[in-house]
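Novice:
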Amino acid sequence: MPRWHQTKRSKLSSYTKNYNTTTTTTTTTTTTTTTTTTTYTTTTTAAAAAATTSTTTTTTTTTTTTTTTTSTTTTTTPGMRILR
19 MPRWHQTKRS KLSSYTKNYN TTTTTTTTTT TTTTTTTTTY TTTTTAAAAA
69 ATTSTTTTTT TTTTTTTTTT STTTTTTPGM RILR
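Under this note's numbering, the first residue of the sequence shown carries the number 19, and numbering increases by one thereafter.
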């Protein structure tokens, strides 16, 4: 067998694999706002004057919660064979 033919055959049987990698990152942000309103009414009656006084107090509380979730997915698939 000629020398050039042996060299050509060894080159064809030697290769490396190429891999394709895809990375997907998903970020989800959720914001929740809760508002609580409390009303207090105080009534005072003066017996002598027969007058009634009412006092109303309102308290409002707002709570905001933010949640962030990050998910990363990596997919590797075989690519082409690269001849050396």
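Just so it is clear, CB atoms sit at the ideal spot from N, CA and C, and this is done for glycine as well.
For Ala64, list the residues DSSP reports as bridge partners.
Specialist: The partner list for Ala64 (beta bridge, DSSP) reads Ala69.
Novice: Out of Thr56, Thr41, Thr49, point me to the one whose CA is closest to Thr74's CA.
Specialist: If we check each option's Cα against that of Thr74, Thr56 comes out closest.
Novice: Taking the alpha carbon of Thr82 as the reference point, which residue from Thr54, Thr46, Thr71, Thr41 has its own alpha carbon closest?
Specialist: Ranking Thr54, Thr46, Thr71, Thr41 by Cα distance to Thr82 puts Thr54 first.
Novice: Near Thr80, what residues of its chain come up, given a Cβ to Cβ distance below 6 Å and the 5 sequence neighbours on each side ignored?
Specialist: For Thr80, where only same-chain residues beyond five positions count, the Cβ hits under 6 Å are Thr53.
Novice: Can you grab the Cα-Cα spacing for the pair Arg27 / Asn36, in whole Å?
Specialist: Bear in mind that a pLDDT of 49 at Arg27, under 50, signals an unreliable position, so the model cannot answer this.
Novice: Residues bridged to Asn38 by DSSP?
Specialist: DSSP, once it has assigned bridges, lists Thr95 as partnering Asn38.
Novice: Would you say Thr42 and Thr90 are within 9 Å of each other, going by their C-beta atoms?
Specialist: Yes, these two residues count as a Cβ contact at 9 Å.
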